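These notes are about the structure you will find just below.
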Amino acid sequence: MEYRRFENTIIARIDKGEEILDKVKEIALKENIKLASVQALGAISQFTVGVFKTDEKKYLANEFEGAFEIVSLTGTINTMDGEFYAHLHMSAGDEKGQVFGGHLNRARVSATCEMVITVIPGNVDRKYSEEIGLNLFQF
Numbered sequence: 001m002e003y004r005r006f007e008n009t010i011i012a013r014i015d016k017g018e019e020i021l022d023k024v025k026e027i028a029l030k031e032n033i034k035l036a037s038v039q040a041l042g043a044i045s046q047f048t049v050g051v052f053k054t055d056e057k058k059y060l061a062n063e064f065e066g067a068f069e070i071v072s073l074t075g076t077i078n079t080m081d082g083e084f085y086a087h088l089h090m091s092a093g094d095e096k097g098q099v100f101g102g103h104l105n106r107a108r109v110s111a112t113c114e115m116v117i118t119v120i121p122g123n124v125d126r127k128y129s130e131e132i133g134l135n136l137f138q139f
């Protein structure tokens, strides 16, 4: 991975074999990011995404392996109890144009991933909601 910061914008290249969430965390910790938006595209060979079942308050995970293009990767970096927290969603398409997606649990880059992180001055923490079953923004 390589990246460069331009004021409040970080442009990153995540390389073949690297795991996207690991690199997002590495950048966030190195750059002391407390609040940011994330967007990316690229190619991946393995990924796991989840769908939250609100009635059961749990995620169901779906794993994929093969040749996929990231159609959309978007989300936030912020904190929970003052520590790094990322909430990313991803959609990826296969060779037939079928798209699969959800809450991103992991994704392994097969060629490259081009990411833009927009740092937002400020801090928004998260807190677990018993009612919803998720870690929600705490203002």
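Residue numbers (full-length UniProt numbering): 1 to 139. For every residue, glycine included, the Cβ atom is placed at its ideal position computed from N, Cα and C. Just so it is clear, the structure is predicted and the values come from calculations on it, not from any experiment.
Residues Arg13, Ile14, Asp15, Lys16, Gly42, Ala43 of the same chain have their beta carbon placed closer than 8 angstroms to that of Thr112, with the five preceding and five following residues left out of the count. Contact between the segment 66-73 and the segment 87-101 is present: three or more C-beta pairs spanning the two stretches fall below 8 angstroms.
Bounds of the alpha helix (DSSP H) holding Ile20 are 20-30. Excluding five sequence positions before and after Ile33, the CB atoms of its chain that fall closer than 6 angstroms to its own CB belong to Ile77, Val119, given in chain order. Check the Cα spacing between Leu73 and each of Ile10, Val38, Asn62: the tightest is with Val38. With a threshold of 16 other beta carbon atoms within 10 Å, Lys30 falls short and is exposed.
Residue burial annotation: Val24 is buried, with at least 16 other C-beta atoms found within 10 angstroms of its C-beta.
Under the three-pair Cβ rule at 8 angstroms, the segment 50-65 counts as touching the segment 96-116.
Counting C-beta atoms within 10 angstroms of its own C-beta, Ala61 has fewer than 16 neighbours from the protein chains shown and is therefore classed as exposed.
Excluding its 5 nearest sequence neighbours in each direction, Glu2 has C-beta neighbours in its own chain below 6 angstroms: Arg13, listed in chain order. Here Val109 is buried. Its C-beta has 16 or more other C-beta atoms within 10 Å.
Minimum Cα-Cα distance from Leu21 among the listed residues Phe6, Glu63, Asp125, Phe47 corresponds to Phe47.
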